[in-house]
Amino acid sequence: MALPSYIRCPTCRTALGSDDACPRCGVTYETVDSIPRLLDRSAPGLDAKLRELAAWPELAKEQGWYGTDDRIDDALPYLNRDLGWDDRAWGATQHGFDTMVRHYVKPGMRILEIGAAKSWASQRLIPLGCEYVAVDLVVDPVIGLGRGTYFERTVGPYLRVQADGERLPFAEGSFDLAFCVATLHHAIDLRAMVSELARVTRRGGIVAGLNEGTRAPYRSGENPDQEHEKELGINEHVHTMWTYLAAFARAGLRPVRLEYAEGASKLAERNIAGKLLRVGSLPATLWALNAYPYAGLSLYARRR
Ligand SMILES: C[S@@+](CC[C@H](N)C(=O)[O-])C[C@H]1O[C@@H](n2cnc3c(N)ncnc32)[C@H](O)[C@@H]1O
Ligand SMILES: [Zn+2]
């Protein structure tokens, strides 16, 4: 598959030549197993990121989710809805993704996902008439972009790119919508990742960060639950809601929707948040994200 015209050198953002080489840097970018490898080898912190390549499959093997199960992949991300699972993390992803599709996705859009892992969103977005581009560092055939060949059997070929979300190999304004699920908190430089999402989105387009863990401002950023991931080399951070909002604002993104990741209706059972919900979902959400030690958010914003 020839690379589309909006692909750029990740280092200097020059358009690549017909030989997939950057005329300015002189670097040739290879495509292996149908996945263009568009990493900026000179990027600071790349070593730490590349350590993650090995760490994710290792974690998956330890936790018993390294393996292909077509029935599970066919249902992604609706594992709770369609397979009867009762998993909080997938419940939040399901809610955030469904909200994005219902409110912001239209046929004909070109949509980017970073930190796409298997790129399961292809099977939801391409049938809606969208073009879908998946980016991740991990190309593993089971839990990374390599697994996209499975979804391609149903939805046809789509672009999967090995790239760093903090240094995207795309021209400015290439996408109508750019999103990620549980990925912003892995950024070594959160501002860089958010501003790259904003840069590659057209003016008036949508940038969404779905199901990102948050901490209350009074809690430490060291979440003991993430110690093991960090030991393996996975870059984990827990930001406050305010840190996410500030990164979005700085990147020229105007928030249009802020949600408690599992959905405001989940707050009905809670004492204070339940009462605030009667006033409106935003007061209840703000309370939850600032009072609960650890929670999660989904943030949808429009590029100015
Ligand atoms: C928690 S997983 C979420 C995977 C997927 N979004 C999902 O919800 O099923 C985070 C993903 O972000 C990817 N990731 C982490 N840092 C990244 C970076 N700098 N650029 C691109 N992807 C990154 C990881 O490789 C991993 O696949
Ligand atoms: Zn270059």
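Under the UniProt record's numbering, the first residue of the sequence shown is numbered 1, with each subsequent residue one higher.
Each residue gets a CB set at the ideal place from its N, CA and C atoms; glycine is no exception.
Annotation: GLY252 to LEU112 spans about 18 angstroms, alpha carbon to alpha carbon.
Taking C-beta separations shorter than 7 angstroms and ignoring five residues to either side along the sequence, LYS106 has no partners in its chain.
Going by DSSP, PRO255 is part of the beta strand (DSSP E) stretching over 253-260. Ligand 1 has a heavy atom closer than 8 angstroms to the beta-carbon of ASP136. Closer than 8 angstroms to some heavy atom of ligand 2: that describes the Cβ of THR14.
Non-local C-beta neighbours of ALA187 in its own chain, meaning closer than 7 angstroms and more than five positions away in sequence, comprise GLY165, GLU166 and MET193, ordered along the chain.
Non-local C-beta neighbours of GLY17 in its own chain, meaning closer than 8 angstroms and more than five positions away in sequence, comprise PRO23, ordered along the chain. By the CB criterion at 9 angstroms, LEU53 and ASP189 fall outside the cutoff.
With a cutoff of 8 angstroms, THR11 counts as near ligand 2, since its C-beta is closer than that to a heavy atom of the ligand.
Assignment of SER265 by DSSP, reduced to helix, strand and coil, places it in the helix class. Taking each of LEU83, GLU58, ILE7 and HIS95 in turn and checking the Cα distance to GLY233, the smallest one comes out for GLU58. Within the same chain, ARG215, ALA216 and ARG219 come within 7 angstroms of PRO293 by CB-CB distance, once the 5 residues on both sides are set aside.
Per the C-alpha coordinates, the member of PRO224, GLY213 and TRP287 positioned closest to LEU297 is GLY213. Between ARG203 and ARG254, the C-beta gap is not smaller than 9 angstroms, which leaves the two residues out of contact. The Cβ neighbour count for CYS180, taken over all protein chains shown within 10 Å, is at least 16; the residue is labelled buried.
Remark: three or more beta-carbon pairs, one from each stretch, lie closer than 8 angstroms, so the region 153-160 and the region 115-123 are flagged as touching. Going by beta carbons, ALA291 and ALA273 fall inside the 9 angstroms limit.
When the Cα atoms are used, GLY26 and ARG37 turn out to be separated by approximately 15 angstroms.
When distances are taken from the beta-carbon of HIS186 to the heavy atoms of ligand 1, the shortest one is below 8 angstroms. For the beta strand (DSSP E) assignment, the region 13-74 encloses no uninterrupted run of at least 3 residues. In the DSSP assignment, ALA134 falls within the beta strand (DSSP E) that extends over 131-136. By alpha-carbon distance to HIS239, the top candidate from GLY209, HIS228, GLU231 and ARG13 is GLY209. With a beta-carbon spacing of about 23 angstroms, HIS103 and HIS185 fall beyond the 8 angstroms limit used to define contacts.
With contacts defined as CB atoms closer than 9 angstroms, GLY96 and ASN80 fail to qualify as a contacting pair. Considered as a whole, the region 211-239 harbours 227-232 as its complete alpha helix (DSSP H) runs of no fewer than 4 residues, in chain order. When C-alpha distances from TYR300 are compared across LEU177, TYR132, ALA60 and ALA15, the shortest belongs to LEU177. When DSSP states are grouped into helix, strand and coil, SER119 belongs to the coil group.
Distance from ASP20 to TYR29 at the Cβ level is roughly 5 angstroms; contact confirmed, criterion being Cβ atoms closer than 8 angstroms. PHE151 is bridged by DSSP to nothing; it lacks a bridge partner.
Here the alpha carbon of TRP65 sits roughly 34 angstroms from the alpha carbon of THR11.
In terms of CA proximity to ASN223, ALA295 leads the group ALA295, GLU262 and LEU145.
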